[in-house]
Amino acid sequence: MSKFNLTSDSTSTPAIMRLDSIHTKRDGLINLLHDCVESDASVGFIAPLDVNEAEQYWQNVEADMVSGSRVLLMALEGEEVAGSVQLSFCQKKNGLHRAEVEKLIVHTAYRQRGIGRMLMNELERLAKQYQRRLLVLDTRTGDPASALYRKCGFIEAGQIPQFALNSGGEFAGTTFFYKLI
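Under our numbering, the sequence shown has 91 at position 48, and the numbering climbs by one with no breaks.
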């Protein structure tokens, strides 16, 4: 597990860590995902989130980490998991220059402290280290995360209506972003 201390506007500085295994932080990651899904984050799950489903999700992420197709970054406040983000490497021969930003999530108790920005900054640094020049992502149209992505230099590429169900069972659009780094 690699650890980076980055500057934050809060009195305590979250530690941004690249996880080699989810084992030691499994419960914290499950809690983080549960909190975000229950607070209507659009991250591929519908509330209420079953603990077994969340655990299986993180096991799948770890399998991708082991295969080298994904990197998981986590923000820690003390011993608490405050947020995470993933960098998923395109495995196609014609796409080895790009990666997808996935599941930027920050626990509701730790929002508005710059943690999302810190995670994105470290993710971009890692993408460059892995010689990825193009980052892509999508988020539910109208979500507050869009403003963060724009502040991080991402450019809106377009929208697709009725892309996914929200937690209320209604269709919501998604907005695609990209950034050349």
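The beta carbon of each residue, even a glycine, is placed where N, CA and C say it ideally should be.
Practice item. Would you list, in sequence order, the uninterrupted beta strand (DSSP E) runs of no fewer than 3 residues that lie entirely inside the region 110–142? Key: Along the length of the region 110–142, whole beta strand (DSSP E) runs at least 3 residues long occupy 113–120 and 123–132, reported in chain order.
Practice item. Let me know the secondary structure DSSP gives Gln-172 once reduced to three states. Key: Numbered from its first residue, the sequence shown carries residue 172 at position 129. Reduced to three states, the DSSP call for Gln-172 is helix.
Check your understanding: When the Cα atoms are used, what is the spatial distance from Glu-120 to Cys-79?
Key -> The residue given as residue 120 occupies position 77 in the sequence shown. The residue given as residue 79 occupies position 36 in the sequence shown. Roughly 17 Å between the two C-alpha positions.
**Study point:** Start and end residues, beta strand (DSSP E) containing Gly-216
**Key:** As a first step, residue 216 must be located in the sequence shown, where it is residue number 173. It spans 214–223 - the beta strand (DSSP E) in which Gly-216 sits, taken as one unbroken run.
Check your understanding: Which residue's Cα is closest to the Cα of Ala-200: Leu-76, Gln-172 and Thr-182?
Key -> Sequence index remark: in the sequence shown, residue 200 carries index 157 (1-based). For Ala-200, the nearest C-alpha among the options comes from Thr-182.
Point to revise | Cβ pair count under 8 Å reaching 3, the region 66–73 against the region 113–133 | key: Contact between the region 66–73 and the region 113–133 is present: three or more C-beta pairs spanning the two stretches fall below 8 Å.
**Study point:** Spatial distance of Ser-189 from Val-109 (CA atoms)
**Key:** What you label residue 189 is simply residue 146 of the sequence shown in a count that begins at 1. What you label residue 109 is simply residue 66 of the sequence shown in a count that begins at 1. Using only the alpha carbons, I get a separation of about 30 Å.
Check your understanding: Going by DSSP, which residues form a beta bridge with Ala-207?
Key -> One-based indexing of the sequence shown puts residue 207 at position 164. According to the DSSP secondary-structure assignment, Ala-207 is paired through a beta bridge with Ala-215.
Practice item. Kindly indicate which three-state DSSP category Ala-84 falls into: helix, strand or coil? Key: As a first step, residue 84 must be located in the sequence shown, where it is residue number 41. Under the three-state reduction of DSSP, Ala-84 is assigned to coil, being neither helix nor strand.
**Study point:** Length of the line joining the Cα atoms of Gly-196 and Lys-222
**Key:** Residue numbering aside, residue 196 sits at position 153 when the sequence shown is read from its first letter. Residue numbering aside, residue 222 sits at position 179 when the sequence shown is read from its first letter. In this structure, the CA atom of Gly-196 is about 7 Å from the CA atom of Lys-222.
Point to revise | Beta-carbon gap between Ile-59 and Met-161 smaller than 7 Å | key: Along the sequence shown, read from residue 1 onward, the residue named residue 59 stands at position 16. Along the sequence shown, read from residue 1 onward, the residue named residue 161 stands at position 118. Closer than 7 Å, so yes.
Exercise for review: For Phe-214, count neighbouring C-beta atoms within 10 Å of its own C-beta (all shown protein chains included) and say buried if the count is 16 or more, exposed if not.
Suggested key: On the sequence shown, residue 214 is found 171 positions in, with the first residue counted as 1. Counting Cβ neighbours within 10 Å, Phe-214 comes out exposed, since fewer than 16 surround it.
Point to revise | Residue environment, Asp-52, which counts as buried when at least 16 other CB atoms sit within 10 Å | key: As a first step, residue 52 must be located in the sequence shown, where it is residue number 9. Annotation note: pLDDT 42 at Asp-52 (below 50); position unreliable, coordinate value reported separately. So Asp-52 ends up on the exposed side.
Point to revise | Proximity test, Cβ basis, 7 Å: Trp-101 and chain C | key: Among the chains in the structure shown there is no chain C, since it carries only a single protein chain.
Exercise for review: Tell me whether Asp-70 sits in a helix, a strand or coil according to DSSP, three-state version.
Suggested key: Walking along the sequence shown from the start, residue 70 turns up at place 27. In the structure shown, Asp-70 sits in a helix (DSSP, three-state: H, G or I).
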